[in-house]
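Data first, discussion second: the structure below is written as structure tokens.
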Amino acid sequence: GAVVSQHPSRVICKSGTSVKIECRSLDFQATTMFWYRQFPKQSLMLMATSNEGSKATYEQGVEKDKFLINHASLTLSTLTVTSAHPEDSSFYICSASTSGGINEQFFGPGTRLTVL
Amino acid sequence: RKEVEQDPGPFNVPEGATVAFNCTYSNSASQSFFWYRQDCRKEPKLLMSVYSSGNEDGRFTAQLNRASQYISLLIRDSKLSDSATYLCGVKGTNAGKSTFGDGTTLTVKP
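Chains as they are written, first to last, in our numbering: chain A, 2 to 117; chain B, 132 to 241.
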């Protein structure tokens, strides 16, 4: 299947700092990428849909000014958690779809964010 | 009602058992269906897509019932390594986002 990478894999930061997470599609071009958050023992929660060259579409209840998304190229989307607080501690996962009929999503390995 | 619902389990089965999971979806316009496997503290990985005619991959069989709006996953001859959380994913359009169930936890015991 297609390969999606994420960096960093783990971040520990102080409250109030901003954290940037990168998501890359390594062997395909992704016009659309998705950002999810998953708390322990809970389901994947879609935060936003990232569209190359245009503004991201945020899900209801997700603050767009706090979770900044930039999809500057067909292989890179970034999520910046601004002024992170302990309640933002979570597992952040991106995914991307290949073009074609099936369009299953391939997930990055995730970024575990801990805000102290 | 959630868009995609799964029995959370946990399912605890002995090695060699056959186990089946169901997943129901509410949007009748859904077009694509998938099963993912997620290990603890890891990302979901695609297990198999689900086709209208049903499909099989080794010990795994997936079925789609559009009339009743559910998909199923059957695992035969369970292995210890099958222990994981299984997520169903439903996509409305080919270019659209997927909605995931909360996952069903399977533990296969010796």
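We put the CB at the ideal spot given by N, CA and C, even for glycine.
Using the beta-carbon count (16 or more within 10 Å), is residue i buried or exposed?
i	result
A/Phe40	exposed
B/Arg132	exposed
A/Thr11	Before going further, note that residue 11 of chain A is Arg rather than Thr in the sequence given. By the 10 Å Cβ count, A/Arg11 comes out exposed.
A/Gly101	With a pLDDT of only 45 at A/Gly101, under 50, the local geometry of the prediction cannot be trusted, and no value is derived from it.
B/Thr149	exposed
B/Gln162	exposed
B/Ala198	exposed
A/Val20	buried
B/Glu146	exposed
A/Ala57	buried
B/Lys228	buried
B/Leu237	buried
A/Ala97	buried
A/Gln30	exposed
A/Gly54	exposed
B/Tyr167	buried
Could you name the residues of chain B that residue i contacts, counting a contact when the two beta carbons are closer than 9 angstroms?
i	result
A/Gln106	Phe165, Tyr167, Pro175, Leu177, Gly220, Lys222, Lys228, Ser229
Given this structure, state the Cα-to-Cα distance separating residue i from residue j, to the nearest angstrom.
i	j	result
B/Phe165	A/Ile22	26 angstroms
A/Tyr59	B/Lys222	17 angstroms
A/Ser16	A/Ser90	10 angstroms
B/Asn143	B/Leu178	20 angstroms
A/Tyr93	B/Thr230	16 angstroms
B/Ser212	A/Val116	33 angstroms
A/Ser84	A/Val63	15 angstroms
B/Ile202	B/Ala151	11 angstroms
A/Leu27	B/Arg172	22 angstroms
A/Thr52	B/Gly220	Here residue 52 of chain A is Asn; the residue named in the question, Thr, does not match the sequence. A/Asn52 and B/Gly220: Cα-Cα distance of roughly 20 angstroms.
A/Asn71	A/Val82	12 angstroms
A/Thr1	B/Asp188	Nothing about residue 1 of chain A can be read from this structure; chain A reaches only from 2 to 117.
B/Gln200	B/Thr192	17 angstroms
A/Phe35	B/Arg190	30 angstroms
B/Val239	A/Ala73	44 angstroms
A/Ser6	A/Cys95	9 angstroms
B/Ser180	B/Cys154	14 angstroms
A/Ile103	A/Asp66	Low confidence applies here, because A/Ile103 scores a pLDDT of 49, under 50, leaving its location unreliable; read the following figure in that light. If you take the alpha carbons of A/Ile103 and A/Asp66, they lie about 33 angstroms apart.
A/Ser24	A/Ile13	Correcting the residue type first, residue 24 of chain A is Cys in the shown sequence and not Ser. Rounded to whole angstroms, A/Cys24 to A/Ile13 spans 18 angstroms at the Cα level.
Using a C-beta to C-beta distance shorter than 8 angstroms, which residues of chain B count as neighbours of residue i?
i	result
A/Thr50	Lys228
A/Pro110	Lys173, Glu174
Can you pull the chain A residues whose beta carbon is under 9 angstroms from the beta carbon of residue i, in chain order?
i	result
B/Gly189	Here the premise fails: no neighbours, minimum Cβ distance about 16 angstroms.
Starting from the beta carbon of residue i, find every residue of chain A whose beta carbon is closer than 7 angstroms, and list them in chain order.
i	result
B/Gly234	Ser44
Between residue i and the ligand NAP, is there a pair consisting of the residue's CB and a ligand heavy atom that are separated by less than 7 angstroms?
i	result
B/Val144	As far as ligands go, the structure on display features none, and thus does not contain the ligand NAP.
Item to check | Proximal residues, the region 31-46 of chain A versus chain B, C-beta separation under 7 angstroms | outcome: Per Cβ criterion, the list reads Thr33, Phe35, Ser44, Leu45.
Checklist entry - Between the region 81-94 of chain A and chain B, which residues of the former have CB atoms less than 8 angstroms from a CB of the latter, in chain order? => result Cβ proximity to chain B below 8 angstroms picks out Phe92, Ile94 from the region 81-94 of chain A.
Checklist entry - Along the chain, which unbroken stretches of the beta strand (DSSP E) at least 3 residues long are found entirely within the region 148-217 of chain B? => result Restricted to the region 148-217 of chain B, the beta strand (DSSP E) segments that are unbroken, complete and at least 3 residues in length are 150-156, 163-169, 175-181, 186-188, 191-196, 201-206, listed in chain order.
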